[in-house]
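One structure below.
Number of protein chains: 2
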Amino acid sequence: MNVPGLVQLDEWQSNYAHRVETMRTSAVRDLFAAASRTDIISLSGGMPNINRLPLDQVSQVVARAVLDEGVAALQYGDTSGREQTKQLVVKLMSDLSIAITPADVTITTGAQQALDLLGKTFINKGDVVITEGPTYLGALQAFSAYQPQIVTIPLDEEGMRTELLAAELERLGSRGAKFIYTVPNFQNPAGVTMSLRRRKHLLELARHYEILVVEDDPYGRLRYRGEPLPSLRSLDDHVVYLGTVSKVFAPGLRTGWVIAPHPVLARLNMVKQGTDLCGSALNQVIVEHYFNDIDWRANLNLLIEQYRLRRDAMLAALDELFPPEARWTHPEGGFFVWVTLPDYVDTTQMLPLALERGVTFVPGDGCYPAGSSLGKNAMRIAFCYEEPENLREAIGRLAAVIEKRLELCRIFVSAGLLKAS
Amino acid sequence: MNVPGLVQLDEWQSNYAHRVETMRTSAVRDLFAAASRTDIISLSGGMPNINRLPLDQVSQVVARAVLDEGVAALQYGDTSGREQTKQLVVKLMSDLSIAITPADVTITTGAQQALDLLGKTFINKGDVVITEGPTYLGALQAFSAYQPQIVTIPLDEEGMRTELLAAELERLGSRGAKFIYTVPNFQNPAGVTMSLRRRKHLLELARHYEILVVEDDPYGRLRYRGEPLPSLRSLDDHVVYLGTVSKVFAPGLRTGWVIAPHPVLARLNMVKQGTDLCGSALNQVIVEHYFNDIDWRANLNLLIEQYRLRRDAMLAALDELFPPEARWTHPEGGFFVWVTLPDYVDTTQMLPLALERGVTFVPGDGCYPAGSSLGKNAMRIAFCYEEPENLREAIGRLAAVIEKRLELCRIFVSAGLLKAS
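Line order of the protein sequences matches chains U and D. Residue numbers 1 to 421, in my numbering, belong to the letters of the first sequence in order. Residue numbers 422 to 842, in my numbering, belong to the letters of the second sequence in order.
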């Protein structure tokens, strides 16, 4: 769409809504294009590896879905989703000790639609929304369309630092924020998992200050080390829970769900009606058949084995190849490692060099709200999509880029011209 | 979700965004539930009749789509849609003399998502948006989330009355509205088609006052009488055009598209990213295969034959059975007839009686913006979904309900206590 050398005039320039002015596109999504160059190893995308999905099985499932469900699979459906899909979600959630009925569920176009619907339903311009810092950039994009003030709470290896949350909530007061958004398991982008102690503290604070908690859990079933922790929703049924089949089956079906208190769900459904009338019945039928008819747990276990090897390969390569100034997280599951470099390094400036060397990553500042100065010295690297040997190669390339950047800085630091962080 | 006799307290009542307060759910969608009672004949739903879709063919198409396209059909994709789907849209649009390239297209989750994206991209609170009056209630729902002031321009059998539009635009001035939304072919809900003279006048006015035109064309290929008219987009490439496969293939695939000038499309894509990341790759692949591999025109022609019989049956029944006080439109295509009763009749009040008699319709006031007093004496009746004999029966039932309502009124009118409209 951008013809080089041709300045494109936009006669509608003055007509866009204010909300569009502050929006930015995702560096990750923009990098998807670059990542399709065959010589580049992508550490930027959060695409699940579905290369070993049994396509013949899936093909049979979708063919049977159409024949079995007939026109119901091809017709308009209920805005909140198919009853049978909700029943499946009830079953899937019981694995996580979340006890619900189909009436507690709305099926969405991926969990991303649920984020948009939550923003649309709750956020007036200027309202406070609390997230972890860093946080999922898709959530930032979804919420920012409704122009909130996003307050980030720093996290560490135990997840959101709830003692800092407590101070923030004390400052904001009761109902001083519209909701607290968290990815407690294998957080995107930081890879860390909220400890049980912090989970309980978070829920206690939310109850005390009467603030809604939104738990986004796309990776919960992808644990490679350690023991599972109870979901927030299983500890408190006031929590809004977001799930998706994207990482346990396939993202191309765009099937997610939101579990919420009934009055909240009623509002979300009303808002959803104007957004899409209804989701794809066919996709829902296929999801039902996949989880009901196929040994999906066996497929998932294969996937987990694969991801475990990749995670281990990436962490080993980081240990071996990354410079001593770098620190990084040690995820027990999910897709991502978060790397922090000295304060004086700007990872966005490093990106072109990395691309030149044939490796991509997500600069950390994209995982903070627009206008924040945080995350500039950090990066998200994903181990989900590449083979272990490629991961090792990519980490080597990235280490070389960082090393080159640090070399000069070290001289300045030793001369006292730069402060070591 | 509403347990009778149980008052449901909403602890988040004070927390919702202002935009939610004025939203209403669609009477049509709410009636879908009622319409599933087997004794009720539905004239309310706009569901296409897909009962004669060749399910075995479709089943083979979807199975092959998965095998042929492999993981690409199941993975995340580009926010703006698959290149191959855009190429298909280019081909489909050339039938309508709309000359575009894939770069002019974004694939959406049904045309409804395009309406939401347009609202999100253009509308600030209080901005003016112009629609026909009555207009598509899904568009009202989509736009109203962004709190515009919706100005309706009355229509007649020639579509939007552009001489009234001219007066309104003169009042609003250049760029005084964000866009003009129109369904020129077989309008939802009125069933009327904009004449060529009016099309040209509308485009002239839009150019003169520098206002974007949004052409929503879900029914364009469903013509049963008369000759096709050129689409607005084919007459002026500044027009934003919305299309969908919902009425020519199947709504369950939720596949629509928007054609727009490049700078507008770039904004829509950016906004779309935060809304859903991307649409369903699988649905897009299936749509590609259906239109590329199957004789879809033959299937469509069968559908048109069916709809033509239904349209004729409904118009004949109206002529024969409806009271002399009623007037109605004579659609040459699409799904809907718009009935106007005397001013003193309120069709919403008639709805419970109609349901009791076993027939549903859409009360006219739902097709005007909230707060408008227009359309109260009108109704939308759909001939798309029921067999001709059912349509005749339904029109008979509805006539009896109207007759009963008019009986008393006639006495009042003859006594001079009510003014005949």
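Idealized CB from N, CA, C, for every residue including glycine.
Listed by chain order, chain U residues near residue i by CB distance under 8 angstroms
i                     : result
residue 487 (chain D) : 55, 58, 59, 62
residue 437 (chain D) : 121, 122, 267
residue 596 (chain D) : 14, 15
residue 754 (chain D) : Result: empty, since nearest Cβ-Cβ is about 20 angstroms, beyond 8 angstroms.
residue 537 (chain D) : 274, 275, 276
As assigned by DSSP and simplified to three states, the class of residue i
i                     : result
residue 690 (chain D) : helix
residue 425 (chain D) : Here the model assigns residue 425 (chain D) a pLDDT of 44, short of 50, so the residue's position is not dependable, and the following value carries that caveat. If DSSP states are grouped into helix, strand and coil, residue 425 (chain D) belongs with coil.
residue 575 (chain D) : strand
residue 568 (chain D) : coil
residue 82 (chain U)  : coil
residue 835 (chain D) : helix
residue 344 (chain U) : coil
residue 581 (chain D) : strand
residue 542 (chain D) : helix
residue 179 (chain U) : strand
residue 630 (chain D) : helix
residue 366 (chain U) : helix
residue 461 (chain D) : coil
residue 445 (chain D) : coil
residue 17 (chain U)  : coil
residue 93 (chain U)  : helix
residue 680 (chain D) : strand
Within chain D, partners of residue i - CB distance below 7 angstroms
i                     : result
residue 12 (chain U)  : 633, 684, 685
residue 280 (chain U) : 673, 674, 675, 701, 704
residue 71 (chain U)  : 471, 472, 474
C-beta atoms of residue i and residue j nearer than 9 angstroms
i                     : j                     : result
residue 364 (chain U) : residue 329 (chain U) : no
residue 702 (chain D) : residue 252 (chain U) : yes
residue 577 (chain D) : residue 604 (chain D) : no
residue 551 (chain D) : residue 572 (chain D) : yes
residue 415 (chain D) : residue 527 (chain D) : No information on residue 415 (chain D) is available, as it lies outside the stretch 422 to 842 that chain D covers here.
residue 779 (chain D) : residue 748 (chain D) : no
residue 724 (chain D) : residue 643 (chain D) : yes
residue 333 (chain U) : residue 224 (chain U) : yes
residue 670 (chain D) : residue 474 (chain D) : yes
residue 405 (chain U) : residue 345 (chain U) : yes
residue 538 (chain D) : residue 668 (chain D) : no
residue 205 (chain U) : residue 166 (chain U) : yes
residue 239 (chain U) : residue 215 (chain U) : yes
residue 664 (chain D) : residue 639 (chain D) : yes
Other residues of its chain near residue i: CB distance less than 8 angstroms, five sequence neighbours each side excluded
i                     : result
residue 589 (chain D) : 551, 572, 574
residue 401 (chain U) : 350, 353, 354, 357, 359
residue 631 (chain D) : 595, 596
residue 688 (chain D) : 542
residue 3 (chain U)   : The predicted position of residue 3 (chain U) is uncertain, since its pLDDT is 44 and thus under 50; no value can be drawn from it.
Sequence-distant residues of its chain with Cβ nearer than 7 angstroms to residue i (five each side left out)
i                     : result
residue 494 (chain D) : 486, 487, 702, 703, 706
residue 439 (chain D) : none
residue 593 (chain D) : 549
residue 368 (chain U) : 133, 134, 152, 374, 375
residue 433 (chain U) : Outside the shown range of chain U, which is 1 to 421, sits residue 433 (chain U), and nothing can be said about it.
residue 50 (chain U)  : 250
Chain D residues whose Cβ lies nearer than 9 angstroms to that of residue i
i                     : result
residue 450 (chain U) : As displayed, chain U neither begins before 1 nor continues past 421, which places residue 450 (chain U) out of reach and without an answer.
residue 145 (chain U) : 541, 692, 695, 696
Chain-ordered neighbours of residue i on chain U, where CB pairs are closer than 9 angstroms
i                     : result
residue 495 (chain D) : 50, 53, 55, 58, 249, 250, 251, 252, 253
residue 444 (chain D) : 267, 270, 271, 273, 274
Proximal residues of chain D, C-beta to C-beta of residue i below 8 angstroms
i                     : result
residue 142 (chain U) : 695, 696
residue 113 (chain U) : 696, 697
Spatial neighbours of residue i in its chain, beta-carbon cut-off 6 angstroms, leaving aside the 5 residues before and after
i                     : result
residue 401 (chain D) : Coverage of chain D is limited to positions 422 through 842, which leaves residue 401 (chain D) absent and any answer about it impossible.
residue 809 (chain D) : 730, 731, 734
Contacts that residue i makes with chain U (C-beta to C-beta distance below 7 angstroms)
i                     : result
residue 530 (chain D) : 109, 276
> Mind listing which residues of the region 120-134 of chain U have their C-beta closer than 7 angstroms to chain D's C-betas, in chain order?
Replying inline: Residues passing the 7 angstroms Cβ filter: 120, 121, 122, 123, 124.
>> Counting only Cβ-Cβ distances shorter than 9 angstroms, please list the residues of the region 655-681 of chain D near chain U, keeping chain order.
In response: Flagged, chain order: 659, 667, 670, 671, 672, 673, 674, 675, 676.
>> What are the residues in the region 758-775 of chain D lying within 9 angstroms of chain U by C-beta distance?
In response: In summary, no residue of the region 758-775 of chain D has a CB separated from any CB of chain U by less than 9 angstroms.
> Which residues, taken in chain order from the region 178-209 of chain U, show a beta carbon closer than 9 angstroms to some beta carbon of chain D?
Replying inline: The region 178-209 of chain U vs chain D, Cβ under 9 angstroms: 178, 179.
> Which residues, taken in chain order from the region 365-382 of chain U, show a beta carbon closer than 7 angstroms to some beta carbon of chain D?
Replying inline: Within the region 365-382 of chain U, no residue has a Cβ that lies closer than 7 angstroms to any Cβ of chain D.
> Of the residues that make up the region 85-102 of chain U, which ones have a beta carbon closer than 8 angstroms to any beta carbon in chain D?
Replying inline: Those residues of the region 85-102 of chain U that come within reach of chain D (Cβ to Cβ, closer than 8 angstroms) do not exist; the list is empty.
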